[in-house]
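Here the structure comes first, spelled out in structure tokens, and everything after it is commentary.
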């Protein structure tokens, strides 16, 4: 009996792991642009990139507008993908693609900004800690992204809002000084695929 239970648990874990690796991480896919170069001066099609996910191979593909593409593979470390040997820059040292909240470091360690906000961060969030008692408009939040300023805005139903900015850490944003809670110590917001940590360390689940 114990053996059968153990086998069932192992099977469940295996299915869970398999499911996890066959689904694209939304933080890695999308369109990106290298803003280091100036349009009409030194910018070219290599500086416009799309990253897609291939379910069959469980890998990602970096493709630029010049028609050049290469493989990227998940690693055990969050926020990084291993660069495939099919990359023309592999032999010169580009072996890992590191992601931040708002983009990815490509060849020559040049940063490619996400053309729209990180999908893990943009959308509606809700603090379920107060579902039974004490819930108010501060516990319903919408986060959006302004490409022109490259910042996120946290807005709650009470009409209070503040800025958040990308950091070099994959799953952290810097909270702006315009936050009501900045002086009280709320200076960074950590997030994952389930939601984001708000003031007082309370978690806001991503609803959409």
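Numbering (our numbering), first residue to last: 6 to 213.
Note that the Cβ used here is the ideal one computed from N, Cα and C, for glycine as well.
Check	Outcome
Buried versus exposed call for residue 171 [16 or more other C-beta atoms within 10 Å across all chains shown]	buried
contact_flag[the region 70-89, the region 138-154] where n(CB pairs < 8 Å) is 3 or more	no
Rounded separation between residue 193 and residue 162 - CA only	21 Å
Span of the beta strand (DSSP E) around residue 102	101-105
Sheet register partners of residue 157 (DSSP bridge)	150, 169
Limits of the unbroken beta strand (DSSP E) element including residue 46	No beta strand (DSSP E) contains residue 46, which DSSP labels as neither H nor E.
Where residue 211 sits in the DSSP three-state scheme	strand
Residues that DSSP places opposite residue 66 in a beta bridge	57, 76
When 62, 37, 107, 169 are compared against residue 55, the one with the closest alpha-carbon	37
Residue 199 - DSSP class collapsed to helix/strand/coil	coil
C-alpha distance - residue 188 paired with residue 182, whole-angstrom precision	8 Å
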